[in-house]
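With the first letter of the sequence shown counted as 1, position 214 gets the number 214 in UniProt numbering; the numbers rise by one all the way through. From the three backbone atoms N, C-alpha and C, an ideal C-beta is built for every residue, glycine too. Predicted model only: the values in this text are computed from it and were never measured. Encoded as structure tokens, the structure appears first; notes follow it.
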Amino acid sequence: MSQEEKNFETIAVRQQTQRSHNREHSVPIYATSSFTFEDADHANALFSDEVEGNIYSRYSNPNNDEFIDKLVSLEGAEAGIATSSGMAAMFLSIASFVSQGDHIVASRSLFGSTHQILTQLLPKWGVSHTYVDIHDLEGFDKAVQPNTKMIFIETPSNPALDIIDIEALAKIANKHGVLLNVDNCFATPYLQNPIKLGAHIVTHSATKFIDGQGRVLAGAILGQKETLEKVKFMSRHTGPALSPFHGWILSKSLETLSVRMDRHCESAHTVAKALEEMEEVELVKYPFLPSHPHYELAKKQMRLGGALVSFEVKGGVEAGKKFWNSLKMISKSSNLGDTRTIATHPASTTHSKLSEEERLAVGITPGLIRISVGLEHVDDIIADIKQALKA
Ligand SMILES: *Cc1c(COP(=O)(O)O)cnc(C)c1O
């Protein structure tokens, strides 16, 4: 039975690096920087890509291979590469495909460091970009120029949780012969598979739900074999390799991804519904609430609504801050995708350097709170939110 015929949960548990002569049940950690060759011919065949095999852990390592091979199967890709952080994945997945004079079209609603890559770093090498409003599908079509190489998006977006139609965007990308690169961090491969909807590249911060336990930094880039060759070349020679120890942790994490995401999403949906009933709350954004502006699309594109809920506290910035300061159990952090529920107040933290107009352009209203719903009992999560809203 090929991997494609098996179900998500089975692949996540059973896809495994070949057992050693020790017949281990669980894969050991290959804490080795390098690998040995049988003889000169074997070394030559490995270096000229005539045979597959490990040479050096900056290129490949059995633990990282197991992690990435699982992700390749789970996303419906052909090839992939693991990186030392999500940002290493974002940077490689863009930089591998652009040269001086090229152009990128991107959704304006992006993770902060991805925004910095596009606006501060790539211009140093003569690569420009155009931002498009996430609600403006036609805008992506219009923004493509003769020198455009890639369309880059996140969906659901951070922190406003807007949804963009991946299939429609893939058609636009194909019409112009450019790559569609989707940061699938918020959804994980369990909720959404952009490649199956036509995207050419999928990127992940595995630091979030893929690890899901707040332990390690990692990233991944997935796509067709030919597309990934350029990324692999750049990774091999610039060195953002994942540690084998982290590859081992993440392969284990994938074994429980579906179980964790089922619970994360069920609790997030319950929290979102409870928030809609609270009088201190102005507006709740959750992709699987019928009140969400892209509810139908979310239902079509995602298996479940995700683990993030955003809401607006009545009373603006000060009310948002006061709510945040009054939380007793829920962690105050800018991270997401942990077993622990985390609340973020973007206007006073992650996005405080932006002007009010810039914040509003990406859906960050003054009292906006983003909750990454964890694996505690949902009643305890709601109780903490309630008492902080009353405070
Ligand atoms: C966290 C995050 C990243 C960056 O990942 P790191 O592992 O922190 O480097 C990129 N994109 C999104 C959507 C994220 O949430």
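The three-state reading of DSSP puts I330 in coil, since its state is none of H, G, I, E or B. Under the 8 Å Cβ criterion, the region 78 to 92 counts as touching the region 203 to 210, having at least three qualifying pairs. Taking C-beta separations shorter than 6 Å and ignoring five residues to either side along the sequence, the partners of V127 in its chain run V98, D102, following chain order.
Distance between F111 and V27, taken at the CA atoms: about 34 Å.
No residue range can be given for V362, since it is assigned to no beta strand (DSSP E) and is classified by DSSP as neither H nor E.
In the displayed model, I29 falls within coil according to three-state DSSP, outside both helix and strand. Proximity of the beta carbon of M87 to ligand 1 is indicated: a heavy atom of the ligand is located closer than 7 Å. In this structure, I382 places its C-beta atom within 8 Å of the C-beta atom of V271. In the three-state scheme derived from DSSP, where H, G and I count as helix and E and B as strand, E78 is classed as coil. Residue state for H129 is assigned as strand, using DSSP reduced to three classes. When the alpha-carbon of F37 is set against those of I29, P194, G53, the nearest one is in G53. Apart from the 5 residues on each side of it in sequence, K328 sits with its Cβ closer than 8 Å to the Cβ of D384, Q387, A388 in its chain, given in chain order.
The alpha-carbon separation between V13 and K142 amounts to approximately 44 Å. Here the region 152 to 162 makes contact with the region 362 to 371; the two share three or more CB pairs at distances below 8 Å. Inter-residue distance for G320 and E356 is about 15 Å (C-alpha atoms, whole angstroms). Residue pairing by DSSP places F311 opposite V284, I369 in a beta bridge.
For D165, the shortest separation between its Cβ and any heavy atom of ligand 1 does not lie below 7 Å. Between I166 and P189, the CB-CB gap reaches or exceeds 8 Å.
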